[in-house]
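Q: Sequential numbering from 2 applies to the sequence shown in my numbering. I'd like to ask some things about the structure below.
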Amino acid sequence: MRFHKLLEKISPSKTEMRMLNAAAKEVISKLKKHIRSAQPMLMGSVAKGTSLRGEADVDLFFLFPKKYSKEEMGRIVIGACRKVFKKVFVHYAEHPYARFYYKKIKFDVVPAYKLKSISEMGTAVDRTQFHIQYIKKHLKKSQIKEVLLLKQFLKANDLYGAEIKTQGFSGYLCELLIIKYGSFEKLLKEAANWKPQTPEPLVFIDPVDAKRNVASPLSRENFERFVLLAKAFLKNPSEEFFSPKIKKLGRKQLAEKFANIIAVSFPSPKVVDDIKWGQLRKLKSQLERFLSQKGFFIENIFLHDDNKTSALVIHYFPDKLPPCAVQRGPPLEDEKNIFEFKRKHKKTFVKGDRIYALEKQPQEIEGWLRIFLKSTLPSKYEKNKKRVKIYKKEKVLSRFWGVLSAEVWKKEHL
Numbered sequence: 002m003r004f005h006k007l008l009e010k011i012s013p014s015k016t017e018m019r020m021l022n023a024a025a026k027e028v029i030s031k032l033k034k035h036i037r038s039a040q041p042m043l044m045g046s047v048a049k050g051t052s053l054r055g056e057a058d059v060d061l062f063f064l065f066p067k068k069y070s071k072e073e074m075g076r077i078v079i080g081a082c083r084k085v086f087k088k089v090f091v092h093y094a095e096h097p098y099a100r101f102y103y104k105k106i107k108f109d110v111v112p113a114y115k116l117k118s119i120s121e122m123g124t125a126v127d128r129t130q131f132h133i134q135y136i137k138k139h140l141k142k143s144q145i146k147e148v149l150l151l152k153q154f155l156k157a158n159d160l161y162g163a164e165i166k167t168q169g170f171s172g173y174l175c176e177l178l179i180i181k182y183g184s185f186e187k188l189l190k191e192a193a194n195w196k197p198q199t200p201e202p203l204v205f206i207d208p209v210d211a212k213r214n215v216a217s218p219l220s221r222e223n224f225e226r227f228v229l230l231a232k233a234f235l236k237n238p239s240e241e242f243f244s245p246k247i248k249k250l251g252r253k254q255l256a257e258k259f260a261n262i263i264a265v266s267f268p269s270p271k272v273v274d275d276i277k278w279g280q281l282r283k284l285k286s287q288l289e290r291f292l293s294q295k296g297f298f299i300e301n302i303f304l305h306d307d308n309k310t311s312a313l314v315i316h317y318f319p320d321k322l323p324p325c326a327v328q329r330g331p332p333l334e335d336e337k338n339i340f341e342f343k344r345k346h347k348k349t350f351v352k353g354d355r356i357y358a359l360e361k362q363p364q365e366i367e368g369w370l371r372i373f374l375k376s377t378l379p380s381k382y383e384k385n386k387k388r389v390k391i392y393k394k395e396k397v398l399s400r401f402w403g404v405l406s407a408e409v410w411k412k413e414h415l
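Here it is as C-alpha cells:
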C-alpha cells in the first residue's frame, strides 16, 4: 500500500475518535431524557469509521414506531434539542430535523421510522439504518484506509458530496465503490475506462434498495472529470492529487482566457444550501437558454455563493450582437396575419415564401441581462431584486478572480 504518510495525515487520530464518540454518548444521554418513545442510533461516517481527520460531523437518528406521523417525530426531536441545547437550527429533508454544535462538533439529529425491512420505508432517510448495517457487514477493516484515500482524492478535486451544490460522490457511494472494486487504485483502473450512461452518467444500484441509483446526484461534468483524474493519476501517481495547489492567476492571464465575461450578483438568501443551490442551478439553465436564443454562445456560467453573495459569472461570445435582429413572420398566403405583422413592424422584407422583419435589439449582453432579470428571478431572490448588481469585465476579474482561477485549474491541471 502506497501513501503511508498521506494516510497518517487524513486518518482521524485515536484522540479525535474518542472525543467524537464521547460527545455523541453525552448528546444521546441528554436527549433520551426528552425522547423516550424512540431508539437513538449513530449513523454516518463516524459510526462506520470512515471519516476524514478533522472533518467528522455526527449524524444521530432517533428511530420511532410507525404510529407516529412525520410532523410528530419532527416536533418531538426539535423540541427536545431546543430544551437541551442553546442554538438549534431547523433544516428540512422530507421532514424537519435539528442541527446544533456541541463541543465544537456539528450534530444533525434526524427523526426516522424504525423498520424491519426496506419495504416498510416511509421516508428517504429511513433507508439510512440499512445502509449502515450493510457497510458494517461488507466493508473490511483493511478497506477503511482505501475509503479515506478515495474521499480525500475526491475532496481535493471538488468532487466529494452528493448535495446539489457539489453534485459529486456521497460518502456512502465511496464505501460501496471500495467494497465492489477492493481498493482505491483498482477503482481508478476501472473508472479510467468508464463511459457515461443515459440519462444518469453513472449507475450504481443501492444494495439495500434496488429502486435507487446511489450515483444519481453525480453530474455528467463531474463524472467526466473523475474519469480524467483517474487516467491522470494512473499515469503519474502522486500525492499532489490529494492536496493540489490551485494556481492563482493574475488579471492579465485571466483577461487572456476570458475575453468576454460578465457577472450578475445578488444578496445570498438565508435558506438551506440545497434550496439555494437548486435555485441557482435552475437560474443558470434559464439564463443560458435565454442568452443562446438571443444569439450569444455561452461558453460557461460559473456559480458562486459565499453565504453573503450569490453570483453567476458568464463567459460568452461574441462581444456584441448585430444592431438588428431578423424576426420570422407568417407565410405570404396568410394575408390576415401578414397585415398584422406589417402593422407591428416597420422594416419588413420578403424572402422566399415568407415575410420577415428587422427589429432593433440590445447589442451588449448587459442589456439582455437586465431584460432577463426583470422577469426571471427565483422566489428566494425576488425580494432582493433591487440589490442586483452587474459587473463588467474588469470588475469581474477583480471581484471573482478566485472563482475563475479555480475553474481554469479544473480544466488545465489534468
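Glycine is no exception: its CB is placed at the ideal position from the N, C-alpha and C atoms. Here the structure is a predicted model, which is why all the values come from computation and not from measurement.
In the DSSP assignment, what are the bridge partners of arginine 329?
A: For arginine 329, which the question treats as bridged, DSSP gives the partners Tyr357.
Q: Using a 10 Å radius around the Cβ and a threshold of 16 neighbouring Cβ atoms, would you call isoleucine 36 buried or exposed?
A: Buried: at least 16 other Cβ atoms inside 10 Å.
Q: Using a Cβ-Cβ cutoff of less than 7 angstroms, which residues in the same chain neighbour alanine 256 once the five nearest sequence positions on both sides are dropped?
A: Correct list, in chain order: Leu398.
Q: Could you say if the region 178-186 and the region 139-148 meet the contact criterion of at least three C-beta pairs nearer than 8 angstroms?
A: The answer is yes - the region 139-148 touches the region 178-186, with three or more Cβ pairs under 8 angstroms.
Q: Going by the CB atoms, is the gap between alanine 125 and alanine 94 shorter than 8 angstroms?
A: Going by C-beta atoms, alanine 94 is nearer than 8 angstroms to alanine 125.
Q: Less than 6 angstroms between C-beta atoms, sequence neighbours within five positions excluded: which residues of the same chain meet that for lysine 146?
A: Same-chain partners within the cutoff: Leu8.
Q: With a floor of 4 residues, list each alpha helix (DSSP H) that falls wholly inside the region 190-239, ordered by position along the chain.
A: Listed in chain order, they are 221-236.
Q: Measuring CB to CB, does valine 28 end up less than 8 angstroms from valine 47?
A: Cβ distance not < 8 angstroms, so valine 28 and valine 47 don't count as in contact.
Q: Return yes when the Cβ of leucine 250 is within less than 8 angstroms of the Cβ of phenylalanine 224, no when it is not.
A: Not in contact: phenylalanine 224 and leucine 250 (Cβ atoms no closer than 8 angstroms).
Q: Going by other Cβ atoms of all chains shown within 10 Å of its Cβ, with 16 needed for buried, is alanine 312 buried or exposed?
A: It counts as buried.
Q: Go ahead and pull the three-state DSSP assignment for methionine 122.
A: Residue state, collapsed to three classes: coil.
Q: Can you look up leucine 304 in the DSSP assignment and give me helix, strand or coil?
A: DSSP places leucine 304 in strand when its eight states are reduced to three.
Q: Enumerate, from N- to C-terminal direction, the unbroken beta strand (DSSP E) stretches of 3 or more residues contained entirely within the region 19-98.
A: 40-44, 59-65 and 90-93, all fully within the region 19-98.
Q: By alpha-carbon positions, which one of Thr167, Ser52, Arg226 and Asp320 ends up nearest to tryptophan 278?
A: Considering only alpha carbons, the answer is Thr167.
Q: Roughly how many angstroms separate the alpha carbons of glycine 271 and phenylalanine 185, rounded to a whole number?
A: Checking the sequence shown, residue 271 turns out to be lysine, not glycine. Taking the straight line joining both Cα atoms gives about 38 angstroms.
Q: For threonine 51 versus leucine 149, is the C-beta spacing smaller than 8 angstroms?
A: Yes. Within cutoff.
Q: As a quick exercise: from Gln294, Ala99 and Cys325, pick the residue whose alpha carbon is nearest that of leucine 87.
A: Checking the sequence, you will find lysine at residue 87 rather than leucine. Comparing Cα positions, the closest option is Ala99.
Q: Starting from serine 286, trace the alpha helix (DSSP H) both ways and give me its first and last residue.
A: First-last of the alpha helix (DSSP H) with serine 286: 274-295.
Q: Using alpha carbons as the reference points, say which of Leu405, Gly353 and Met20 lies closest to lysine 258.
A: Cα-wise, what sits closest to lysine 258 is Leu405.
Q: Three-state secondary structure (DSSP) at histidine 316?
A: Three-state result, histidine 316: strand.
Q: Using the C-alpha atoms, what's the distance from alanine 23 back to methionine 122?
A: Rounded to the nearest angstrom, the two C-alpha atoms are 31 angstroms apart.
Q: When the Cβ atoms of the region 150-169 are set against those of the region 198-214, are three or more pairs found closer than 8 angstroms?
A: No, the region 150-169 is not in contact with the region 198-214.
Q: Thinking C-beta only, is valine 314 closer than 8 angstroms to leucine 333?
A: Contact flag unset, no.
Q: Within 10 angstroms of its Cβ, does histidine 5 collect 16 or more other Cβ (buried), or is it exposed?
A: Exposed, by the Cβ-count rule.
Q: Tell me whether alanine 113 sits in a helix, a strand or coil according to DSSP, three-state version.
A: Note: alanine 113 maps to strand in three-state DSSP.
Q: Is phenylalanine 108 helix, strand or coil when you go by DSSP?
A: Note: phenylalanine 108 maps to strand in three-state DSSP.
Q: May I ask which residues mark the beginning and end of the alpha helix (DSSP H) holding lysine 129?
A: The sequence given here places threonine at residue 129; lysine does not occur at that position. First-last of the alpha helix (DSSP H) with threonine 129: 129-139.
Q: Going by DSSP, which residues form a beta bridge with proline 268?
A: In the DSSP output, where bridge partners are listed per residue, proline 268 has Thr310.
Q: With valine 404 as the anchor, note down where its beta strand (DSSP E) starts and where it stops.
A: Counting along the chain, valine 404 falls outside any beta strand (DSSP E), though it belongs to the alpha helix (DSSP H) covering 402-413.
Q: Is leucine 374 near isoleucine 263, with beta carbons less than 8 angstroms apart?
A: For leucine 374 and isoleucine 263, no; Cβs fall outside 8 angstroms.
Q: Whether or not the region 236-252 and the region 154-163 are in contact is what I'm after, with contact meaning three or more pairs of Cβ atoms, one per stretch, closer than 8 angstroms; do they touch?
A: These segments touch.
Q: Near lysine 295, which residues of its chain fall below 6 angstroms by C-beta distance, leaving aside the five closest residues on each side in sequence?
A: Here the set comprises Trp369.
Q: At which residues does the alpha helix (DSSP H) containing valine 148 begin and terminate?
A: 145-157 is the extent of the alpha helix (DSSP H) around valine 148.
Q: Where does valine 389 sit, in a helix, a strand or coil, going by DSSP?
A: If DSSP states are grouped into helix, strand and coil, valine 389 belongs with coil.
Q: For glutamine 134, does the count of other Cβ atoms within 10 angstroms reach 16, so buried, or fall short, so exposed?
A: Exposed.
Q: From phenylalanine 131 to serine 70, what distance separates their C-alpha atoms?
A: Roughly 21 angstroms separates the two Cα atoms.
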